[in-house]
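Engineer: Mind having a look at this structure? Questions to follow.
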Amino acid sequence: MAEKKFEDAMQRLEQIVESLEGGELSLEDSLKVFEEGMKLAKFCSGKLEEAEKKLSLLVKEKGGEYTRVPFESEDQEEE
Numbered sequence: 644m645a646e647k648k649f650e651d652a653m654q655r656l657e658q659i660v661e662s663l664e665g666g667e668l669s670l671e672d673s674l675k676v677f678e679e680g681m682k683l684a685k686f687c688s689g690k691l692e693e694a695e696k697k698l699s700l701l702v703k704e705k706g707g708e709y710t711r712v713p714f715e716s717e718d719q720e721e722e
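The sequence shown begins at 644 in our numbering and counts up by one.
Below is the structure:
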């Protein structure tokens, strides 16, 4: 099985939300797609966390050399 892409998972998650909001699914079908949606949300969250860990900024020091510093999102700065 090919690795799932973040973008594909997000697109499917949007479809699930639309179908659940539409209210036309049976209770059983709603539960099935809700479960699928929860798995996709967990997958997407994991991918975002993984990307954030890999992300770093290069900062040029006074001497002209570059140093890697960890990326801090605005959310992290506010805590």
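For every residue, glycine included, the Cβ atom is placed at its ideal position computed from N, Cα and C.
When burial is assigned at 16 or more other CB atoms within 10 Å of the CB, is LEU683 buried or exposed?
Structural biologist: The residue is buried, with at least 16 neighbouring Cβ atoms inside 10 Å.
Engineer: Nearest-angstrom Cα distance between GLY666 and GLU657?
Structural biologist: Spanning the two alpha carbons is a distance of roughly 15 Å.
Engineer: Residues in its own chain within less than 8 Å of GLY680 by CB, not counting five upstream and five downstream?
Structural biologist: Result list for GLY680: LEU656, ILE659, VAL660 and LEU663, in chain order.
Engineer: Out of curiosity, what's the CA-to-CA distance linking ARG711 and GLU695?
Structural biologist: The straight-line gap from Cα to Cα measures roughly 14 Å.
Engineer: Could you check where the alpha helix (DSSP H) with GLU664 kicks off and where it finishes?
Structural biologist: Segment 649 to 665, the alpha helix (DSSP H) holding GLU664.
Engineer: To which residues does DSSP link VAL676 through a beta bridge?
Structural biologist: Paired residues: none, contrary to the question.
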